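Residue numbers (numbering that gives the first Met the number 0), protein chains in the order written: chain A, 0 to 248; chain B, 0 to 248. Heads up: the structure comes next, in structure tokens.
2 protein chains.
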Amino acid sequence: MLKEERQQVILEKLGTDKKVTLVDLGQILSVSYDSVRRDIIELEDKGLLKKVHGGAIANSYLSMKPSRGLGIVNTEFVTIAKKALRLIENNKIILMDGGTTNFYIAEQIPKNLEVTVITNNPHLAMALGEHPKVEVILLGGSFYKRYQITLGSKTIQDLEYIHADLYFMGINSISIESGLAIRHYEESILKQKMMEISRKTVTCVLEEKINRKENYKVCNFTDLDYLITSLNPTDEILKPFKNKRVEVL
Amino acid sequence: MLKEERQQVILEKLGTDKKVTLVDLGQILSVSYDSVRRDIIELEDKGLLKKVHGGAIANSYLSMKPSRGLGIVNTEFVTIAKKALRLIENNKIILMDGGTTNFYIAEQIPKNLEVTVITNNPHLAMALGEHPKVEVILLGGSFYKRYQITLGSKTIQDLEYIHADLYFMGINSISIESGLAIRHYEESILKQKMMEISRKTVTCVLEEKINRKENYKVCNFTDLDYLITSLNPTDEILKPFKNKRVEVL
DNA sequence: AGTGTTATTGCAAATATTTGCAAAATAATA
DNA sequence: TATTATTTTGCAAATATTTGCAATAACACT
Chain A
0 MLKEERQQVI
10 LEKLGTDKKV
20 TLVDLGQILS
30 VSYDSVRRDI
40 IELEDKGLLK
50 KVHGGAIANS
60 YLSMKPSRGL
70 GIVNTEFVTI
80 AKKALRLIEN
90 NKIILMDGGT
100 TNFYIAEQIP
110 KNLEVTVITN
120 NPHLAMALGE
130 HPKVEVILLG
140 GSFYKRYQIT
150 LGSKTIQDLE
160 YIHADLYFMG
170 INSISIESGL
180 AIRHYEESIL
190 KQKMMEISRK
200 TVTCVLEEKI
210 NRKENYKVCN
220 FTDLDYLITS
230 LNPTDEILKP
240 FKNKRVEVL
Chain B
0 MLKEERQQVI
10 LEKLGTDKKV
20 TLVDLGQILS
30 VSYDSVRRDI
40 IELEDKGLLK
50 KVHGGAIANS
60 YLSMKPSRGL
70 GIVNTEFVTI
80 AKKALRLIEN
90 NKIILMDGGT
100 TNFYIAEQIP
110 KNLEVTVITN
120 NPHLAMALGE
130 HPKVEVILLG
140 GSFYKRYQIT
150 LGSKTIQDLE
160 YIHADLYFMG
170 INSISIESGL
180 AIRHYEESIL
190 KQKMMEISRK
200 TVTCVLEEKI
210 NRKENYKVCN
220 FTDLDYLITS
230 LNPTDEILKP
240 FKNKRVEVL
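Below, the structure is given as structure tokens:
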């Protein structure tokens, strides 16, 4: 069996199941665990899926579209998007970077809202094709295939001349002590710049990301203006995040 | 058994199985692996399949299209892409804008070529995910949904600091009197800028676009460096385009 | 903190590819 | 038909890729 064949099978399985585990794949494809992992890495580098602990999940951008019609959308996303949309007002300039959550929120923006969305995520830009009233500005720069965003000094330079009202920051981990952090250095720098040029910053985090610690810190928790989770703001988990400066939604 | 016969068999098998291995083929055709391998290489050069470690898989683009019944367009793309690739050399900076033809050419760039592709077309940027050695730079600016490209003064401004070796210009019409023209004003301005910052400009046109006249002129025919069509350069239709300055491929 | 699971890394064996070369087959020419 | 040029083919040595394994590190869950 050819490597490409295997990878095709992986993508197909991912298309239907939205997630796969390395162990399962190893058996289905009857190759070693290592080979499957290497396949997953290759596919991730091409931006075709997202590697996670123990397996892989469908690339949000690719998998979201179909899921819309099927109603299997993660309820966590729905809850988060609802809260997020409360912050989006008419005629505002919204800055959004990469990440599943942002993509989903962007799709949920009401069709009649006239906002400008600035993003370094081409998928998000294209998804907003369905919103005739939303003006989309794509940030240029080196295209980082793995995360499917533009990145680098050019992207940062572009931000120099932009001022946004609200920044939706995608994040990989959040904790009181370590603040907000992600896995990629260059991207962390970019996010800092994005905060700088935005009047307010909000981050939408999935439950699993709370109290984790990724490698590159973007900012302190208290630098945020809003924190959105799928949890009730009074939830026990969010207790440490109660803070005068940051509004927890 | 003639070489052409073998290659026909390979393509047929590929049509049904979507993949072939060199070992299988060697046995079926009862020739050495080397011959089969050379056949595969030839077929890949023609854009009829994709060579992979240990065999070959059906070319994604081609296997997709026939189902839509557009067999003729295919060969036109293949012919054009082949000619276009002759112009793409290692370590060059290639500028490509929107359009189907450019998209297809980008996909056909050899995997081992180390080039930088600058584009205002996010789809093209993402398609190059399959090319690990190709660096992709996405031009920022207002995202124009209809044509799925970035556009506007920001995009033009970005080009101010870029110098490309070769510009693949997508075009809607070409004629001797009216030159090269497209349907959208802003885009025509952008294309002019792109020409300006590129050492050489090439345009690849489908037969149907020859001698048509769209609204907004980009440049004269003689401003081009290369013209690529699916036709033979000596074809009657191309006779008026014979010119000392422009090389017709 | 402890335990089982998953990741990473380096390594070596197996498998594929590339390249140059010479023999064989084919085509072209006188 | 004989002869020469061109292409095609198969082989072998040198490279490169892929694969599975094992040791170690990182992680997640109780």
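Using N, Cα and C, we set each Cβ at its ideal position, and we do this for glycine too. Being a predicted model, the structure only gives us computed values, none of them experimental.
Q | Anticipated Cβ contact below 8 Å, L138/A with I117/A, distance rounded | A | Indeed, because the Cβ distance is near 7 Å, the residues count as touching under 8 Å.
(Q) Counting only Cβ-Cβ distances shorter than 8 Å, please list the residues of the stretch 137-152 of chain A near chain B, keeping chain order. (A) L137, L138, G139, G140, S141, F142, K144, Q147, T149
Q) When DSSP builds the beta bridges, which residues end up paired with A163/A? A) S197/A
Q) Is there a Cβ from chain B that is less than 9 Å from the Cβ of L47/A? A) yes
Q. Of the residues L42/A, Y103/A, I93/A, V30/A, which one's Cα is nearest the Cα of K81/A?
A. Y103/A
Q. Is the Cβ of M95/B closer than 9 Å to any Cβ of chain A?
A. no
Q: Pull up the distance between the alpha-carbon of M95/B and that of P121/B, whole angstroms please.
A: 11 Å
Q | Test item: CB-CB of I39/B and V8/B under 9 Å | A | No, these two residues do not count as a Cβ contact at 9 Å.
Q: Counting only the same chain and skipping the five closest in sequence on each side, list residues whose C-beta sits under 6 Å from that of G97/B.
A: N120, Y146, I148, G169
Q) Under the DSSP definition of a beta bridge, which residues are partnered with S31/A? A) Answer is none; S31/A lacks a bridge partner.
Q) Alpha carbon to alpha carbon, how far is K208/A from K190/A? A) 17 Å
Q.
Do L248/B and L223/B have their beta-carbon atoms positioned less than 9 Å apart in this structure?
A. no
(Q) Since A163/B and K216/B should fall inside the 8 Å C-beta cutoff, what is the C-beta to C-beta distance between them, to a whole number of angstroms? (A) Approximately 22 Å separates the beta-carbon atoms of A163/B and K216/B; this is outside 8 Å, ruling out the contact.
Q. Given that G53/B touches chain A, what residues does it touch there, using C-beta distances under 8 Å?
A. L1, K2
Q. In or out: N171/A buried (at least 16 other Cβ within 10 Å) or exposed?
A. buried
Q. Name the residues in the stretch 16-28 of chain B whose C-beta lies less than 8 Å from a C-beta of chain A; which are they?
A. Result list: K18, T20.
Q: For the alpha helix (DSSP H) containing Y103/B, list its first residue and its last residue.
A: 99-107
Q. Taking the C-alpha atoms as reference points, what is the distance between L84/A and Q6/A?
A. Looking at the two C-alpha atoms, the distance is approximately 37 Å.
Q | Length of the line joining the Cα atoms of K241/B and E113/B | A | 33 Å
(Q) Beta-carbon within less than 8 Å of E43/B's beta-carbon, same chain only, minus the 5 sequence neighbours each way: which residues are those? (A) K49, K50, A55
Q: Rank E88/A, I108/A, A126/A by C-alpha distance to the C-alpha of L165/A and give the top, closest one.
A: E88/A
(Q) Less than 9 Å between CB atoms is the rule here; does L84/B satisfy it with respect to chain A? (A) no
Q) Buried or exposed: where does M93/A fall if 16 or more other Cβ atoms within 10 Å of its Cβ makes it buried? A) At residue 93/A the sequence reads Ile, which differs from the Met that was named. Looking at its Cβ environment, which holds 16 or more other Cβ atoms inside 10 Å, I93/A is buried.
Q: Can you say whether D157/B is buried or exposed, counting buried as having 16 or more other CB atoms within 10 angstroms of its CB?
A: buried
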